[in-house]
Each structure stands twice: as structure tokens, then as C-alpha cells.
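**Q** Let me give you the structure first, and then I'll get to my questions.
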Amino acid sequence: MMAPRGFKRDIVTLPEFILERQKDFPYVKGDLTTLLNDIGVAAKIVSREVRKAGLVNILGEMGNDNIQGERQKKLDVFADQQFIAALRQGGVACGVASEEQDEFIAFRDQLYLGHPYVVAIDPLDGSSNIDVNVSIGTIFSIYQIVESGREACLEDFLQPGRELVAAGYVIYGSSTMLVFTTGRGVNGFTLDPSIGEFCLSHENIQIPESGPFYSINEGNLLDCSQGIQDFVGWCKGQGGGKALSGRYIGSLVADFHRNLIKGGIYLYPATTKAPLGKLRLLYECNPLAFIVEQAGGMASDGYRPIMDYQPRELHQRVPLFIGSPHLVQKAMDFIHSEVNHPLNG
Ligand code: AFP
Numbered sequence: 222m223m224a225p226r227g228f229k230r231d232i233v234t235l236p237e238f239i240l241e242r243q244k245d246f247p248y249v250k251g252d253l254t255t256l257l258n259d260i261g262v263a264a265k266i267v268s269r270e271v272r273k274a275g276l277v278n279i280l281g282e283m284g285n286d287n288i289q290g291e292r293q294k295k296l297d298v299f300a301d302q303q304f305i306a307a308l309r310q311g312g313v314a315c316g317v318a319s320e321e322q323d324e325f326i327a328f329r330d331q332l333y334l335g336h337p338y339v340v341a342i343d344p345l346d347g348s349s350n351i352d353v354n355v356s357i358g359t360i361f362s363i364y365q366i367v368e369s370g371r372e373a374c375l376e377d378f379l380q381p382g383r384e385l386v387a388a389g390y391v392i393y394g395s396s397t398m399l400v401f402t403t404g405r406g407v408n409g410f411t412l413d414p415s416i417g418e419f420c421l422s423h424e425n426i427q428i429p430e431s432g433p434f435y436s437i438n439e440g441n442l443l444d445c446s447q448g449i450q451d452f453v454g455w456c457k458g459q460g461g462g463k464a465l466s467g468r469y470i471g472s473l474v475a476d477f478h479r480n481l482i483k484g485g486i487y488l489y490p491a492t493t494k495a496p497l498g499k500l501r502l503l504y505e506c507n508p509l510a511f512i513v514e515q516a517g518g519m520a521s522d523g524y525r526p527i528m529d530y531q532p533r534e535l536h537q538r539v540p541l542f543i544g545s546p547h548l549v550q551k552a553m554d555f556i557h558s559e560v561n562h563p564l565n566g
């Protein structure tokens, strides 16, 4: 139906936005559009369950461990199932790797052969926060398969972040937001529960050059290298500069999102107990690195851009320094000035 003359609607929904941008990707004939929409629908279902979690007594541990040795919560399992089902049903992705699953899943049905994408997903990040009503999130990344016309295999998932076609996250916070990039800027959509649609609310997000926040689990600080300890000291104003504010939620998506909008740095460095840090390259670091770079920020392991890593395994961990470029560069300067670091020889 035609809109009346002079009538201009003031909202743009996620499907409308994606459709409008489809012309940026003529070679995929709308497949990416379908895929992003499928993820959007699954996100709405997960959001609905997150919102009523306390009401329906869905909270609580399921009793089994995932591959990271962490206790799974019921909502983790629910989110995992929803996203995998949405991707399978959508018929556009030919495989998915989930942080909650030991191995990737190849959709083997003939239907999926020839479909060009695989998806890596952290279905519910920050799950230890579920029981205490703190923001949690979903992180996703989309790659084209290396060789078309066959079923998904490991090498399709082990591609450097530079090969990402799209990446995004959903934050289940005071409102539910979906933020994504297809390599042409970063856009954010807020779920309007009254119409059940993600509506464009944050167009072309740019991270501030610097910012007021540093985010680190300071309980680990004494297990970190001297360079990291010195950098955190600098964040606190040691050396005469203005102190930053410490903010650490313990949900990467929430900490990242705040710093993306307001400026800041999130760091999860190597520690003596976790020499590669805690976060996963495929499921957490690469997608957020793609987003932050698209927004004008930086993501590094302290030495090189996260996006340049050649992944070796699905659940690989990597130290992460991500956020406003000035602050990430500053952290790297401290790390590089450390004399006894093995990589500084
Ligand atoms: P959970 O999903 O087990 O809560 O882990 C969340 C997370 O991967 C990331 O979202 C947080 O930033 C980080 O771990 C917090 O880790 P620490 O509790 O070690 O600070």
C-alpha cells in the first residue's frame, strides 16, 4: 500500500535497513539479508525469554559443562538452540560453530549445499550474570565459506577476522539492542517491544578517540605483567594524568557496548594462570574487533591487530585490548616498554 503523499515514517526497522543496504552486496543475491534477519528473529525470541526469566523460573543451572569447563545455565542452552535452529531453518548458512558446542555443526541436508555462509556464535555471553539480573549478550560473526558447493568444514570457521563478511552483537540490557556491521560502518537497532521490531536508533556509530572508562577484572592484576599493571596505574592517574573511571560489568558485550558509545578501553590480558587470557578469538574477539575497527577504534592482543590472527582451533583464546584508539595504543605502549617480556627480546 502506498504511503499518503507527504507522509514519512520516522522509524526504520532492521529488515528495511538490511534490504536497503542489500545493494552493497550484489554478489550474494540477498542471502546475507536473510541471514541477518534470521539472527534478528532469534534475538527477539531470546530477548523475550531473558525478559521473563525470573517469572517462569527458567533460571538455574542445567548441570552439564560446556567445552570451556563452565557451568551452563538454562538460558545459555535455550539461546544456543534458538540461534542454531534459526540458522538451520533459514537455509542460508551451511554451518554454525557455537561457543557452547565442542564441535561445529555442518548442516548436511542437500538444501544447504551451495549456501555461502558459516556463522560463529556466542549465544549468551556473560551467563554468570543471568541470576543477578545484569546485562548479557549474544555475539555473532559471519564468514563466506572458503570453497563453494561443498558442506561446511573446519577451515571455513578458521578464517582470520579480516575475512569477516558481517559481525554483530545483541545486548539484553535496559533495552534490547542489536548492533552490527557488514564492513560499511556500524549501526545499532533498539527493540521496540510494542511493535516487536528492531528500529534504527544508533546510525553510523563512531567510537570516541579517547574516553572516560577503563574496564578490567582488577582481581587479576597481580597476575598480570608489569606493563599491564603500569598501564592500569596510568588509567588511575599515576604519573600525573587525569584518572579514568573504572567500569567492569563482567559481561563483555555490556562492557564493550558502553565503551563503544562513550569511549574507553576493555582489556582482558594474559595472566600467569591464563597465559592466553580468557576470551575466545572466534566467538568474542574477532566479531568485536571488526565492529570496533569499523567504528574507528582498535582491537589488539597487545602486539598485533586481533583481526590479523590466523585461528588454529575453534575455541582458541587470545588476550584482548579493545576500544578507543588512543587508549588501546597507550596500553600497547606500556606493554612494549616492558623490558623482560618474551616478545620484546
Ligand atoms: P561467562 O559467560 O562465563 O559469564 O563469561 C563471560 C566472559 O566471557 C565475558 O563476557 C566477560 O567479560 C568475562 O568472561 C569476565 O571474566 P572474569 O569473570 O574472569 O572477569
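Per the numbering used here, the sequence shown starts with residue 222, numbered consecutively.
Positions of the beta carbon are idealized from the N, C-alpha and C atoms, including for glycine.
(1) Please report how far the alpha carbon of A264 lies from the alpha carbon of I239, in whole angstroms.
(2) In the DSSP output, what is E418 paired with across the bridge?
(3) With distances taken Cα to Cα, identify the nearest neighbour of F511 among R501, L548, T402, A306.
(4) Taking 6 Å as the limit between beta carbons, can you name the residues of its chain near Y487, skipping five residues before and five after?
(5) List the whole-angstrom C-beta distance separating I573 from L541, where the pair is believed to meet the contact cut-off of C-beta under 8 Å.
(6) Pick helix, strand or coil for N507, following the three-state DSSP scheme.
(7) Could you tell me the distance, in whole angstroms, from the CA atom of G484 to the CA atom of P433?
(8) A300 by DSSP, collapsed to three states: which one?
(9) Considering only residues of the same chain and omitting the five flanking positions on each side of E505, which have a CB-CB separation below 7 Å?
(10) Roughly how many angstroms separate the alpha carbons of C456 and L465, rounded to a whole number?
(11) Nearest-angstrom Cα distance between A314 and K551?
(12) Do the stretch 321-328 and the stretch 368-382 make contact, defined as three or more Cβ pairs closer than 8 Å?
(13) I'd like the list of long-range same chain contacts for Y489, defined as Cβ closer than 6 Å, with 5 residues on each side in sequence excluded.
(14) Is R405 helix, strand or coil by DSSP?
(15) What residue ranges within the stretch 438-519 form continuous alpha helix (DSSP H) runs of no fewer than 4 residues, ordered along the chain?
(16) Contact between the stretch 421-428 and the stretch 403-412 is defined here as three or more beta-carbon pairs at a separation below 8 Å; is this criterion met?
(17) Less than 9 Å between the beta carbons of I351 and A388, yes or no?
(18) Can you tell which of M398, K494, L399, G460 has the C-alpha that lies nearest to the C-alpha of G440?
(19) Taking only the alpha-carbon atoms, compute the straight-line gap between L308 and T234 and give it to the nearest angstrom.
(20) Just mark S369 as buried or exposed, buried being the case when its beta carbon has 16 or more other beta carbons within 10 Å.
(21) With a threshold of 16 other CB atoms inside 10 Å of the CB of D231, please say whether the residue is buried or exposed.
(22) Below 6 Å CB to CB, which residues in the same chain sit around L421 once its five sequence neighbours on both sides are set aside?
(23) Residues bridged to Y338 by DSSP?
(24) Helix, strand or coil: which one does DSSP assign to R329?
(25) From the DSSP output, in three-state form, read off K551 for me.
(26) Among F419, R383, S558, P414, which one has its Cα closest to the Cα of Y390?
(27) Compute the beta-carbon to beta-carbon distance between H336 and D451, rounded to the nearest angstrom, for a pair I have assumed lies under 8 Å.
(28) With DSSP as the reference, label G566 as helix, strand or coil.
(29) Given that a residue counts as buried once 16 or more other Cβ atoms are within 10 Å of its Cβ, and exposed if not, what is A306?
(30) In whole angstroms, what separates the C-alpha of A300 from that of V355?
**A** Well, looking at it:
(1) For the purposes of this step, residue 264 is taken as the residue at position 43 of the sequence shown. For the purposes of this step, residue 239 is taken as the residue at position 18 of the sequence shown. When rounded, the distance between both Cα atoms is 16 Å.
(2) The sequence position of residue 418 within the sequence shown is 197, counting from 1. D413.
(3) As a working mapping, residue 511 is identified with position 290 in the sequence shown. The candidate whose alpha carbon is nearest that of F511 is T402.
(4) Looking up residue 487 in the sequence shown gives position 266. For Y487, where only same-chain residues beyond five positions count, the Cβ hits under 6 Å are S436, D476, F477, N480, I543, G544.
(5) Beyond the ends of the chain as shown, which are 222 and 566, falls residue 573; an answer cannot be given.
(6) Position 286 of the sequence shown holds residue 507. Correct three-state label for N507: helix.
(7) Against the sequence shown, residue 484 aligns to sequence position 263. Against the sequence shown, residue 433 aligns to sequence position 212. The alpha-carbon atoms of G484 and P433 are separated by roughly 6 Å.
(8) Here residue 300 refers to the residue found at position 79 of the sequence shown. Looking at A300 - three-state DSSP - the assignment turns out to be helix.
(9) The residue given as residue 505 occupies position 284 in the sequence shown. Closer than 7 Å at the Cβ level, and outside the excluded window around E505, lie D343, D346, I360, L473.
(10) Indexing the sequence shown from 1 puts residue 456 at position 235. Indexing the sequence shown from 1 puts residue 465 at position 244. Cα to Cα, C456 sits roughly 5 Å from L465.
(11) In the sequence shown, counting from the first residue as 1, residue 314 sits at position 93. In the sequence shown, counting from the first residue as 1, residue 551 sits at position 330. About 39 Å.
(12) Contact between the stretch 321-328 and the stretch 368-382 is present: three or more C-beta pairs spanning the two stretches fall below 8 Å.
(13) Reading the sequence shown from its first residue, position 268 is the one you call residue 489. Within the same chain, G498, K499, L500, L541 come within 6 Å of Y489 by CB-CB distance, once the 5 residues on both sides are set aside.
(14) For the purposes of this step, residue 405 is identified with residue 184 of the sequence shown, where counting begins at 1. Judged by DSSP in its simplified three-state form, R405 adopts coil rather than helix or strand.
(15) Segments of the alpha helix (DSSP H) lying fully in the stretch 438-519: 447-456, 473-483, 507-515.
(16) With the cut-off at 8 Å, the stretch 421-428 and the stretch 403-412 touch.
(17) Position 130 of the sequence shown, counted from the first residue, corresponds to residue 351. Position 167 of the sequence shown, counted from the first residue, corresponds to residue 388. Not closer than 9 Å, so no.
(18) Residue numbering aside, residue 440 sits at position 219 when the sequence shown is read from its first letter. Comparing Cα positions, the closest option is K494.
(19) Numbered from its first residue, the sequence shown carries residue 308 at position 87. Numbered from its first residue, the sequence shown carries residue 234 at position 13. Those two C-alpha atoms are separated by around 21 Å.
(20) By 1-based counting over the sequence shown, the position of residue 369 is 148. Exposed.
(21) Translated into the one-based positions of the sequence shown, residue 231 becomes position 10. Label assigned to D231: exposed.
(22) For the purposes of this step, residue 421 is taken as residue 200 along the sequence shown, with counting starting at 1. Closer than 6 Å at Cβ, skipping near neighbours: V233, F238, F410.
(23) Residue mapping note: residue 338 aligns to position 117 of the sequence shown, counting from 1. Y338 is bridged to A314, Q365.
(24) Here residue 329 is taken as the residue at index 108 of the sequence shown, counted from 1. Annotated three-state conformation of R329 is coil, per DSSP.
(25) The residue you call residue 551 lines up with position 330 of the sequence shown. Three-state DSSP puts K551 in a helix.
(26) Working through the sequence shown from its first residue, we reach residue 390 at position 169. The option with the nearest alpha carbon to Y390 is F419.
(27) Here residue 336 corresponds to residue number 115 of the sequence shown, with the count starting at 1. Here residue 451 corresponds to residue number 230 of the sequence shown, with the count starting at 1. Not quite, the Cβ-Cβ distance comes to about 49 Å (not below 8 Å), so this is no contact.
(28) One-based indexing of the sequence shown puts residue 566 at position 345. In this predicted model, G566 has a pLDDT of only 43, less than 50, meaning its place in the structure is not dependable; the value taken from the coordinates is given anyway. Residue state for G566 is assigned as coil, using DSSP reduced to three classes.
(29) Start at 1 with the first residue of the sequence shown, and residue 306 comes out as number 85. A306 counts as exposed, since fewer than 16 other C-beta atoms from the protein chains shown sit within 10 angstroms of its C-beta.
(30) Here the question's residue 300 lines up with position 79 in the sequence shown. Here the question's residue 355 lines up with position 134 in the sequence shown. Answer to the nearest angstrom: the Cα atoms are 16 Å apart.
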